[in-house]
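Colleague:
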DNA sequence: TTTCTTTGTAAAGCTAGCTTTACGTAAAGT
DNA sequence: ACTTTACGTAAAGCTAGCTTTACAAAGAAA
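Chains as they are written, first to last, in the numbering used here: chain A, 314 to 378; chain B, 314 to 378.
This is the structure in structure tokens:
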């Protein structure tokens, strides 16, 4: 699943570390997410959407298999 | 996390079994989801939103801790 | 050049999401 | 009465999401 976490994060001038602290996850989780290593849980997706003030669909692009 | 899976499913006149087959998950997954036993993965949330033709936010209500 | 910041990634471990199998129950059809 | 349909739930197991710890590398900055 593609995502715009990196773009949205940088638009806010935040580092991966900043973001991880705000969302209460590890920095590696953010790094791995941005690199597309795995999909976020729905709660993490919601946390990101709140912080970025947009919908989950605007951050994560789902393509059916 | 609250959700409207049961309501949306019934609005389509589908059984839990129908839905589970359409989404390629087990019936227990649907049952447990409706009962609020656990949160869906983001891919399952996307599958539901496609089928129900609405956003993830219209199905799942996130309340921060 | 040395230091600091930011990021990538690996390994090992924990837990949540989901599976398969299975049994119980209640309602409706026959 | 029997069978079928729809749902709840439990136990055991697998895997993905996330953690902690740790090390490496590139760029900026001193």
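Beta carbons are placed, not taken as given, at the ideal position from N, Cα and C, and that holds for glycine.
1. Going by C-alpha distance, which of B:317, B:377, B:364 is nearest residue 345 (chain B)?
2. Taking only runs of the alpha helix (DSSP H) that begin and end inside the segment 325 to 364 of chain B, which ones reach a length of at least 4 residues, in chain order?
3. With the cut-off set at 8 Å, would you say residue 362 (chain B) and residue 369 (chain B) are in Cβ contact?
4. What separation, rounded to the nearest whole angstrom, lies between the Cα atoms of residue 371 (chain A) and residue 376 (chain B)?
5. Would you report the Cα separation of residue 360 (chain B) and residue 319 (chain A), rounded to the nearest angstrom?
6. For chain A, find out if any of its Cβ atoms is closer than 8 Å to the Cβ of residue 375 (chain B); answer yes or no.
7. Using three-state DSSP, classify residue 376 (chain A) as helix, strand or coil.
8. Who are the Cβ neighbours of residue 352 (chain B) in its own chain at under 7 Å, not counting the five residues just before and after it?
9. Excluding the 5 residues flanking residue 339 (chain A) on each side, which residues of the same chain have their C-beta closer than 8 Å to its C-beta?
Modeller: Looking at the coordinates:
1. As a working note, residue 345 (chain B) is residue 32 in the second chain. Nearest of B:317, B:377, B:364 to residue 345 (chain B), Cα basis: B:317.
2. 329 to 336, 340 to 347
3. If you number the second chain from 1, residue 362 (chain B) lands on position 49. If you number the second chain from 1, residue 369 (chain B) lands on position 56. Yes, the Cβ-Cβ distance between residue 362 (chain B) and residue 369 (chain B) is below 8 Å.
4. Residue numbering aside, residue 371 (chain A) sits at position 58 when the first chain is read from its first letter. Residue numbering aside, residue 376 (chain B) sits at position 63 when the second chain is read from its first letter. Cα-Cα distance, rounded: 19 Å.
5. Position 47 of the second chain, counted from the first residue, corresponds to residue 360 (chain B). Position 6 of the first chain, counted from the first residue, corresponds to residue 319 (chain A). Answer to the nearest angstrom: the Cα atoms are 24 Å apart.
6. Here residue 375 (chain B) refers to the residue found at position 62 of the second chain. True, the Cβ-Cβ gap to chain A drops below 8 Å.
7. Here residue 376 (chain A) is taken as the residue at index 63 of the first chain, counted from 1. Reduced to three states, the DSSP call for residue 376 (chain A) is coil.
8. In the second chain, counting from the first residue as 1, residue 352 (chain B) sits at position 39. 314, listed in sequence order.
9. Here residue 339 (chain A) refers to the residue found at position 26 of the first chain. Excluding positions up to five away in sequence, the list reads 333.
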